[in-house]
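Participant: One structure coming up, written as structure tokens, with questions to follow.
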Amino acid sequence: MTIQLVFLGAGGGSVEVAEALALSAGGGTAAVTLLGFLDDDERLPGAPALALPLLGGTGMAPELCRRSADLRFVLGIASDKQMRARDALVARLALPAERWFTFVHASAQVSPSARLGAGALVLQQALLGPHCVLGDLVRVSPRACIGHDTVIGSRAVVAPAATVSGRVRIGEGAYIGAASVIAPEVVIGAGAVVGLGAVVLRDVPPGVTVVGNPARALR
Numbered sequence: 004m005t006i007q008l009v010f011l012g013a014g015g016g017s018v019e020v021a022e023a024l025a026l027s028a029g030g031g032t033a034a035v036t037l038l039g040f041l042d043d044d045e046r047l048p049g050a051p052a053l054a055l056p057l058l059g060g061t062g063m064a065p066e067l068c069r070r071s072a073d074l075r076f077v078l079g080i081a082s083d084k085q086m087r088a089r090d091a092l093v094a095r096l097a098l099p100a101e102r103w104f105t106f107v108h109a110s111a112q113v114s115p116s117a118r119l120g121a122g123a124l125v126l127q128q129a130l131l132g133p134h135c136v137l138g139d140l141v142r143v144s145p146r147a148c149i150g151h152d153t154v155i156g157s158r159a160v161v162a163p164a165a166t167v168s169g170r171v172r173i174g175e176g177a178y179i180g181a182a183s184v185i186a187p188e189v190v191i192g193a194g195a196v197v198g199l200g201a202v203v204l205r206d207v208p209p210g211v212t213v214v215g216n217p218a219r220a221l222r
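Numbering (this note's numbering), first residue to last: 4 to 222.
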């Protein structure tokens with residue numbers, strides 16, 4: 004079987020994953036064909052360097068599924084400013100779990116005891132410690148470190164070079180900013196945002212944005 008991949012979102016977050024897959028020959032999957040992107044912004048060019056076009060709007064996803072049983076999707080949207088739109092897109096499409104493509108880059112270090120949900124993405128040089136749990140559609144970006152026994156809820160994004168200590172709990176749809184640090188056993192609520200370089204020493208309530216060192220709620 005040749006898996007056909009379509010990326011949801013045609014911005015930089017999707018292009019990064021497409022390039023990582025292209026350069027790693029499908030992430031260890033024997034036969035993967037990258038088809039292109041779906042995005043509701045028709046101005047986006049896709050990825051010309053990879054010869055991957057913008058195929059159309061995100062509403063095409065159900066029709067593409069009907070055309071091919073081998074089609075899989077990658078949720079490439081990863082900006083902190085697009086987290087609500089990301090969640091809304093997933094809810095609107097309501098794709099079954101088997102339609103999401105799970106990808107672990109060859110350079111990532113993933114504990115054998117870690118568990119990954121459908122559509123999870125673990126990118127270049129990321130680290131997942133023992134007994135980590137990633138929910139569906141979680142994105143762990145390049146050089147991010149996830150400590151032991153940490154649980155990350157569905158659709159959360161961990162940005163590049165973030166350090167998440169052991170036994171942390173991150174809620175669904177939360178965003179952990181680049182180069183941020185989260186102390187052990189901290190709880191990050193659903194939909195919360197941890198800003199760039201923030202040092203989080205205390206729990207963050209759902210939907211709250213924190214910034215700084217030590218991290219404080221943004222007013």
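By construction, the Cβ of each residue, glycine as well, lies at the ideal position given by its N, Cα and C atoms.
Out of Asp152, Thr5, Ser110, state which residue places its alpha-carbon closest to the alpha-carbon of Ser71.
Facilitator: Numbered from 1 along the sequence shown, position 68 holds the residue referred to as residue 71. Residue Thr5 holds the alpha-carbon nearest to the alpha-carbon of Ser71 among Asp152, Thr5, Ser110.
Participant: Where DSSP assigns a beta bridge to Ile185, which residues make up the other side?
Facilitator: Position 182 of the sequence shown, counting from 1, holds the residue named residue 185. DSSP output for Ile185 lists Val167, Val203 as bridge partner(s).
Participant: Are the beta-carbon atoms belonging to Ser168 and Ile155 less than 7 Å from one another?
Facilitator: Counting from 1 along the sequence shown, the entry for residue 168 is found at position 165. Counting from 1 along the sequence shown, the entry for residue 155 is found at position 152. No, these two residues do not count as a Cβ contact at 7 Å.
Participant: Under a Cβ-count criterion, where at least 16 other Cβ atoms within 10 Å of its own Cβ denotes burial, should Gln112 be classed as buried or exposed?
Facilitator: As a first step, residue 112 must be located in the sequence shown, where it is residue number 109. Per the 10 Å Cβ criterion, exposed.
Participant: Shortest alpha-carbon distance to Ser144 belongs to which of Val160, Ile80, Ala109?
Facilitator: For the purposes of this step, residue 144 is taken as residue 141 along the sequence shown, with counting starting at 1. Minimum Cα distance to Ser144 is reached at Val160.
Participant: Return helix, strand or coil for Cys148, following the three-state DSSP convention.
Facilitator: Numbered from its first residue, the sequence shown carries residue 148 at position 145. Cys148 falls in the strand class under three-state DSSP.
Participant: Quick one: grab the DSSP three-state call for Thr36.
Facilitator: Counted from its first residue, the sequence shown places residue 36 at position 33. In the structure shown, Thr36 sits in a strand (DSSP, three-state: E or B).
Participant: Grab me the residues of Leu47's own chain with a C-beta within less than 7 Å of its C-beta, minus the 5 sequence neighbours each way, in chain order.
Facilitator: Residue mapping note: residue 47 aligns to position 44 of the sequence shown, counting from 1. Only Ala13, Gly14, Leu57 meet the Cβ criterion.
Participant: Let me make sure I understand the geometry here. Which of Asn216, Tyr178, Arg205 has the alpha-carbon closest to that of Ser82?
Facilitator: Translated into the one-based positions of the sequence shown, residue 82 becomes position 79. Checking every option, the nearest Cα to that of Ser82 belongs to Tyr178.
Participant: Quick one: what's Ile6 bridged to in DSSP?
Facilitator: Here residue 6 refers to the residue found at position 3 when the sequence shown is read from its first residue. Ile6 pairs with Val35.
Participant: Can you round the beta-carbon distance between Leu24 and Phe106 to whole angstroms, since I take them to be within the 8 Å contact cut?
Facilitator: Working through the sequence shown from its first residue, we reach residue 24 at position 21. Working through the sequence shown from its first residue, we reach residue 106 at position 103. In this structure Leu24 is in contact with Phe106, their Cβ atoms being roughly 7 Å apart against a cut-off of 8 Å.
Participant: How about the segment 123-130 and the segment 92-111: do they share at least three Cβ pairs that are nearer than 8 Å?
Facilitator: yes
Participant: Where do the ends of the alpha helix (DSSP H) carrying Arg95 lie?
Facilitator: For the purposes of this step, residue 95 is taken as residue 92 along the sequence shown, with counting starting at 1. Segment 86-96, the alpha helix (DSSP H) holding Arg95.
Participant: Which full runs of the alpha helix (DSSP H) of 4+ residues lie inside the segment 54-79, going along the chain?
Facilitator: 64-70
Participant: Is it right to say Met86 is buried, meaning 16 or more other beta carbons lie within 10 angstroms of its own, or is it exposed?
Facilitator: What you label residue 86 is simply residue 83 of the sequence shown in a count that begins at 1. So Met86 counts as buried.
Participant: Any idea if Gln7 is buried or exposed, counting beta-carbon neighbours within 10 angstroms, 16 or more meaning buried?
Facilitator: Mapped onto the sequence shown, residue 7 falls at position 4. Burial call: buried.
Participant: Measuring alpha carbon to alpha carbon, tell me which residue in Arg170, Ala94, Arg102 is nearest Leu131.
Facilitator: Here residue 131 is taken as the residue at index 128 of the sequence shown, counted from 1. Ranking the options by Cα distance to Leu131, first place goes to Arg170.
Participant: Do you know offhand how far Gly227's Cα is from Gly39's?
Facilitator: With the chain represented from 4 up to 222, any question about residue 227 goes unanswered, as that position is not in the structure.
Participant: Quick one: what does DSSP say Leu26 is sitting in, helix, strand or coil?
Facilitator: For the purposes of this step, residue 26 is taken as residue 23 along the sequence shown, with counting starting at 1. Correct three-state label for Leu26: helix.
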